[in-house]
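Each remark here refers to the structure printed beneath this line.
Numbering (the numbering used here), first residue to last: 479 to 738.
Put into structure tokens, the structure is as follows:
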């Protein structure tokens, strides 16, 4: 077991399913003491059980709605007060409504901005304050999306461009600190983001699969949609690197290229 994370505090948002759950279990396996953020208390409890089964320390579930300002910063302060080393914050929580801007709704735009952008900003600011107070090295890992790299219809890609911009700006602001900022930029991975999709949007995805010679959910699907464990492995890799280097941005995607 690596010593890089052994006994250190890490907060993972969006830890109730998909990429966030995989990240939490992998970091627990590495010996980190984890605080898990998500809206579904039952699913967070399931993640804590998976961490225990992987041999990790007892994890702490922190159910909250990241559309609300304040609870995440409060949690970060509480963790910093209870633990001698807040080692990392992984901003993974996100929501996607894939309709074009002209057919979208303000409430859905606001939800994406609140969770994808504002919660990331809130968490980063609070974590930096805590890490500076501890006087020990730390990491911020923000999960973006390849949709930030394409002119994809809708607001989701816009919010993920903002996430990458947050990382770029914080790296400049933290050059004199031993706090590293990494933006992970995933392509298509099996997550719960599609839970907000409408039937016609799922049909569009199926058509994209067909264009690449695959049946949606059929053999070879993994060439377009990969296992979230790959991202979890990459987060662990980032956190295991020495503090005197900065892995600025990492794009990780399945072998077949799509704008997703």
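Glycine included, every Cβ here is placed at the ideal spot set by N, Cα and C.
- Closest by C-alpha distance to residue 643, out of 609, 604, 631, 595, is 595.
- Per DSSP, residue 711 is one residue of the alpha helix (DSSP H) stretching across 707–717.
- Here residue 589 is buried: its Cβ has 16 or more other Cβ atoms, across all protein chains shown, within 10 Å.
- DSSP links residue 569 through a beta bridge to 620.
- When 591, 492, 592 are compared, the shortest CA-CA separation from residue 525 is found for 492.
- Annotation: residue 561 is outside any beta strand (DSSP E) and is labelled neither H nor E by DSSP.
- For the region 586–639, the full-length alpha helix (DSSP H) segments reaching 4 residues or more read 597–612 along the chain.
- In this structure, DSSP gives residue 723 a state outside helix and strand, which the three-state scheme calls coil.
- Under the DSSP assignment, residue 661 falls outside any alpha helix (DSSP H), being part of the beta strand (DSSP E) whose first and last residues are 657–664.
- Secondary structure of residue 652 (DSSP, three-state): coil.
- Three or more Cβ pairs closer than 8 angstroms define a contact, and the region 551–559 meets that threshold against the region 598–609.
- Residue 715 counts as exposed, since fewer than 16 other beta carbons sit within 10 angstroms of its beta carbon.
- Residue 581 has its alpha-carbon roughly 42 angstroms from the corresponding atom of residue 564.
- Following the DSSP letters along the chain, one finds residue 583 in no beta strand (DSSP E), marked with neither H nor E.
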